[in-house]
Amino acid sequence: MHPEMQKMREIALIYLDRSGGLQKFVHDCKKYNDSKQSYAVYRFVISINPSDIAELDATLGNYVLHNPIQAAQIFQTVCFIAIKTLSLIEQLQTEAQISVLLKPTHLPPLSGYVLSLSAFPFNYSSRRFYTSEGIAIAMGTVTKYTQGARFLCTEETCPFSEGYRYIRVHMPGATESATVRNDFVCSLCSSPLQEDMKFRVLGDKQVVELVDAKVLNALKGFSSDKSHVRIQTFTVFLRDELANKMEIGNHYKIIGIPACVQNGLQATTCIEVNSIQLCKPTGPPFVADSFKYLLSLASGSCWRFTAILANIFASQVVPPGTYNSLKLAILLSLVQTSEEENADYLDLLVVTSDTLVIDRLLHYSLCLLPRGIRHPPLSDIFPSVSKDKHGTGSASIHACSAVLAKGGICYIGDLSSHKKDKLELLQSVLESRTTTVFIPGKKYGEEADQQVTISIQTNFWSFVDVDSSSKKHIQKDNFLIGQMDTSLIPSNLLDGFGLLIYNESPSCRLPPPVVQHILRKALSPEATLYQVSQQFRMQDYEEFILFAKNLHVGLSWEAENLLQGYYVASRRVRRDSVHGSTLSASALKVLISLSKAHAKLSLRRKVLEEDALIAILLLESSLTLKHGQSAFCVAPNPVFPFDLSDENSLQQRDSYLLQCHRQLLKFIGAYGPGIHINTNEE
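If you read the sequence shown in the UniProt record's numbering, its first letter stands for residue 1, the second for the next number, and so on.
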């Protein structure tokens, strides 16, 4: 035996002992031994820390990183000797029955260990560990593969016609035919080998398509990066304990061995995954100094900071001081995005006749988030199913716009451009935040049909063109005060969107500042038209929103009472004799989501009464558009009743909001009996 090989085996045993791997190995052996069943292959998963291995022995560390298949053979021999020495598995006969899978905890943070399909040259034949990142964009169902098999010589007089001399195990990148075939021959007598089917070991296999996270910039429909990058999906194989460890739409960092799989005349580059790590987005630890200064200036009022933010927001697209209510709603929706389960969502539906400017504004805003997706018109909004292209014949679920926008915004454009069945599915998703994919078993080679439920964790934005919708149907005459004609949109779908915003200015009579802005931008697209665009850059807003959205806020007792009081009173006021209350059950969730969003936008961790008031005014304005005015009579534009031009106008707005607060308390006192609200007098 080569002395260097013997030394590496000793080092491997020392590492297993020090890392706790030997104790886990003994425990796994006990499970095999207790079963009293003979296996063709005994599989062991060993966690490897390359840094610790390299400190013990540089040669073995080099083997683990650059020749993992031979390193696995070293650990295979160590495991076999340990089993025989300690009598851990009585049924084990040969070393070939041991299958070892090495799982590195990490790889050196060097560019040579990073695999990128867009980089050249792409070395897929080295058969060593690489790390890669990507978003799971398609995912197949779990199927079976041959983990190991036992072969016997067909010549009865041959000593290898029994026992465990010929054991075939799956190797990274190998196809099913490489593991199990009918053309193997005996090395002793050259007779054909035949598989002993009783000892075939099956494992789970799942095919997943990953794509570089840079694709998100392309799916926004806009990118400030002028460089050209080639982006394509790459296939990864998840086997055994790693099957179903990925969720479609999530961002993962993987460690695996690249290989080239032949499928007929087509060759596909893939990665056999050894370990998976979920990549969670982290926001910046602070906001820009310009926002800090603005916050200090507006510290005298809980309403001024967000008012100024909305006033100057998106000055690259629309002039400051225009579309303030819509811009505030957009900012609230941006900071109320999360990948957490049972998160608070805030969907927006804009009713407008000025579709060009509104589309530009919404498109600009979604680009502020890492996961802002502009839905392509000819693709699916929700996941779809097709046959796996790797020859397995199984079903593959493809992530579409809503799944890729996880933790962000899915902008679906003009709502009236989507067909009825798509709108019905959208309504179902808005209500449940899940979608179900049906997989017919007969079509995809399964015994039974399957239903896969996928969570949709995104905010939806859309708009409706009132000019085009009015031409498609006859408008009703019996409108209540403040009510809009929304009969083109199904009422349940309308209620599914948390907030309905009406942009009053018709496209034929745009405000003069907007007209001037459009003309100046047409002449000089790259020009900076306003000073605030230099003081508050797009990058500053990106960092601010990422910081604000990661704040964890809680409801104060006063804010919770105010929200509940308004909700109960509104349900009693907004009733009809046929359908009962016209206020949907989800309205309270929308109120809480709006309140938390306003607190986040104000960089506070506690929801105050002032936040709850803004939420109530926004929702009441939305309800007025849907159902007409109630006893709590608010102005058409209740959050921004007049232009903000100087400090006096901000002070005037504060006085107006205080008056709205007093009016709200009277409304709750009159129509919400049993609800006790503290007033300033108390």
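The beta-carbon is built from N, C-alpha and C at its ideal position, and this holds for glycine as well.
Candidates Leu202, Ile81, Lys406: closest to alanine 213 by CA position: Lys406
Taking C-beta to C-beta, are leucine 425 and isoleucine 381 nearer than 9 Å? yes
Comparing C-alpha positions only, which one of Glu647, Ile616, His627 sits nearest to tyrosine 567? Among Glu647, Ile616, His627, the Cα nearest to that of tyrosine 567 belongs to Ile616.
Residues of its chain near asparagine 492, where Cβ-Cβ distance is below 7 Å and the 5 sequence neighbours each way are ignored: Gln427
Who are the Cβ neighbours of residue 688 in its own chain at under 6 Å, not counting the five residues just before and after it? Since the first residue shown for the chain is 1 and the last is 682, residue 688 is missing from the structure and cannot be characterised.
Identify every run of the alpha helix (DSSP H) within the segment 274-356, keeping only runs that are complete inside it and at least 4 residues long; order them along the chain. The segment 274-356 contains, as complete alpha helix (DSSP H) runs of 4+ residues, the segments 289-297, 304-312, 324-335 (chain order).
Taking the continuous beta strand (DSSP E) assigned at proline 104, which residues delimit it? 98-104
Where does serine 595 fall in DSSP's three states? In the structure shown, serine 595 sits in a helix (DSSP, three-state: H, G or I).
Helix, strand or coil, according to DSSP, for lysine 36 in the structure here? coil
Let's test the definition: count the other Cβ atoms within 10 Å of the Cβ of lysine 30 and tell me whether it reaches 16, buried, or not, exposed. exposed
Consult DSSP for residue 684 and reduce its assignment to one of helix, strand or coil. Within the shown structure, residues of the chain are numbered from 1 to 682, placing residue 684 beyond reach of any answer.
Backbone CA spacing between proline 258 and aspartate 388 [nearest angstrom]: 20 Å
Per DSSP, what are the beta-bridge partners of proline 192 in this structure? Val185
Quick one: is glutamate 272 buried, meaning 16 or more other Cβ sit within 10 Å of its Cβ, or exposed? buried
Determine the DSSP secondary structure at glycine 482, reduced to helix, strand or coil. A caution first: glycine 482 carries a pLDDT of 49, below 50, which makes its placement in the model unreliable, though a value can still be read off. Correct three-state label for glycine 482: coil.
Is the distance from the Cβ of residue 686 to the Cβ of leucine 415 below 9 Å? With the chain running from 1 to 682 in the structure shown, residue 686 is simply not present.
What are the boundary residues of the beta strand (DSSP E) that includes lysine 459? Sequence check: residue 459 is asparagine here, not lysine. Run containing asparagine 459: 459-465, per the beta strand (DSSP E) assignment.
Helix, strand or coil at histidine 473 [DSSP, three-state]: Here histidine 473 scores only 45 on pLDDT, less than 50, and its place in the model should not be relied on; the value that follows carries that caveat. DSSP, reduced to helix, strand and coil, places histidine 473 outside both helices and strands of the structure shown, so it counts as coil.
Give a yes or no on contact between the segment 592-611 and the segment 340-354, applying the rule of three or more CB pairs nearer than 8 Å. yes
By the three-class DSSP mapping on this structure, what secondary structure does glutamine 663 have? helix
Grouping DSSP H, G and I as helix and E and B as strand, with all else coil, what is lysine 84? Helix.
Excluding the five sequence neighbours on either side, which residues of its own chain have a C-beta within less than 7 Å of the C-beta of leucine 510, listed in chain order? Asp354
In the DSSP assignment, find the beta strand (DSSP E) that holds threonine 624 and state where it starts and stops. Taken as a continuous stretch (DSSP letters only), threonine 624 belongs to no beta strand (DSSP E), being part of the alpha helix (DSSP H) at 609-627.
Just verifying my parser: in three-state terms, what is the DSSP assignment at histidine 363? Looking at histidine 363 - three-state DSSP - the assignment turns out to be helix.
Per DSSP, which one or two residues make a beta bridge with arginine 200? Paired residue(s): none; arginine 200 is not in a bridge.
DSSP on valine 634, reduced to helix/strand/coil? coil
Within a Cβ cutoff of 7 Å, which residues of the same chain sit near valine 41, ignoring the five residues on either side of it in sequence? Excluding five sequence positions before and after valine 41, the CB atoms of its chain that fall closer than 7 Å to its own CB belong to Gln97, Ser99, Gln147, Gly148, Ile167, Val169, Val201, given in chain order.
The segment 525-535 contacting the segment 370-384, beta-carbon criterion three pairs below 8 Å: no
Euclidean distance between Cα positions of threonine 322 and valine 514: 8 Å
Label methionine 197 either buried or exposed according to how many other C-beta atoms from any shown protein chain fall within 10 Å of its C-beta, with 16 as the threshold for buried. exposed
The alpha helix (DSSP H) with serine 51 in it runs from where to where? 50-56
Please go through the same chain and pick out, in chain order, the residues whose beta-carbon is closer than 6 Å to the beta-carbon of glutamate 133, but skip the five residues on each side of it. Lys253
Run through the DSSP bridge pairs and tell me what valine 207 is partnered with. Phe237
Under the assumption that leucine 193 contacts valine 180 (Cβ atoms under 8 Å), give the Cβ distance between them as a whole number of angstroms. No, leucine 193 and valine 180 are not in contact; Cβ-Cβ is about 11 Å, not under 8 Å.
Quick one, are the C-beta atoms of tyrosine 541 and leucine 295 less than 9 Å apart? For the pair tyrosine 541 and leucine 295, the CB atoms are not nearer than the 9 Å cut-off.
Along the chain, which unbroken stretches of the alpha helix (DSSP H) at least 4 residues long are found entirely within the segment 389-422? 401-404
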